[in-house]
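In this note's numbering, the protein residues as written are 107 to 256.
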């Protein structure tokens, strides 16, 4: 394989396997909203408020067309918010508790604050860790002391 670095230098390398990750993009240009006030950002995602509403107040955007992360469980959470907002409830979408996932083997997932973020904002916290043995993986759990009886 020929590789070109940031300075333009080319090298040839041999690999047994190559993984190419090209990313994903929304197909928001195919939904037919060009004659509405619904706007898209530079990456093609619809710009929405905390209730998943576009600039066209009767149009909501959820899931992959509403931005990263492009995960089904994020879309489900946005759908719940949009339906509640349509029903007049004061629901808002908060992406922090949505687990982020890397679909590898082993899989990796995370949600909420990192340990450094919790420390930076002065959150009193505890931590528990579990190692599941072999190649099964591990778990690290930060606990907000305000929510824990112990």
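Where is the CB? At the ideal position from N, CA and C, for every residue including glycine.
For residue 197, the three-state DSSP class (helix, strand or coil): The count along the chain shown starts at 1 and reaches residue 197 at position 91. Coil, per DSSP.
If I follow the unbroken alpha helix (DSSP H) through residue 189, where does it start and stop? On the chain shown, residue 189 is found 83 positions in, with the first residue counted as 1. For residue 189, the uninterrupted alpha helix (DSSP H) segment begins and ends at 178-192.
Residue burial classification, residue 160 (beta-carbon count within 10 angstroms, cutoff 16): Against the chain shown, residue 160 aligns to sequence position 54. With 16 or more Cβ atoms within 10 Å of its Cβ, residue 160 is classed as buried.
Meets three-Cβ-pair contact criterion under 8 Å: the stretch 112-128 and the stretch 147-160: no
Residue from 173, 136 and 223 whose Cα sits closest to the Cα of residue 154: Reading the chain shown from its first residue, position 48 is the one you call residue 154. Comparing Cα-Cα distances from residue 154 to each of 173, 136 and 223, the minimum goes to 173.
For residue 206, which residues does DSSP report across the bridge? Residue mapping note: residue 206 aligns to position 100 of the chain shown, counting from 1. DSSP lists 216 as partners of residue 206.
Cβ atoms of residue 188 and residue 209: under 9 Å apart, would you say? Here residue 209 corresponds to residue number 103 of the chain shown, with the count starting at 1. Here residue 188 corresponds to residue number 82 of the chain shown, with the count starting at 1. In this structure, residue 188 does not lie closer than 9 Å to residue 209 by Cβ.
Cβ-based burial, residue 170 [other Cβ within 10 Å; buried from 16]: Counting from one through the chain shown, the residue named residue 170 turns up at place 64. Buried, because 16 or more other Cβ atoms sit within 10 Å of the Cβ of residue 170.
I think residue 53 touches residue 206, with their Cβ atoms under 8 Å apart; what is that distance to the nearest whole Å? The structure shown has nothing for residue 53, since the chain only spans 107 to 256.
Extent of the continuous alpha helix (DSSP H) to which residue 225 belongs: Here residue 225 corresponds to residue number 119 of the chain shown, with the count starting at 1. 221-226 is the extent of the alpha helix (DSSP H) around residue 225.
Could you check where the beta strand (DSSP E) with residue 110 kicks off and where it finishes? Against the chain shown, residue 110 aligns to sequence position 4. That run of the beta strand (DSSP E) goes 108-110.
Just mark residue 183 as buried or exposed, buried being the case when its beta carbon has 16 or more other beta carbons within 10 Å. As a first step, residue 183 must be located in the chain shown, where it is residue number 77. Counting Cβ neighbours within 10 Å, residue 183 comes out buried, since at least 16 surround it.
Return the CA-CA distance between residue 175 and residue 133, expressed in angstroms with no decimal places. The residue you call residue 175 lines up with position 69 of the chain shown. The residue you call residue 133 lines up with position 27 of the chain shown. If I take the Cα positions, the gap works out to 15 Å.
Do residue 204 and residue 217 have their beta-carbon atoms positioned less than 9 Å apart in this structure? Counted from its first residue, the chain shown places residue 217 at position 111. Counted from its first residue, the chain shown places residue 204 at position 98. It is a contact, given that the beta carbons lie within the stated cut-off.
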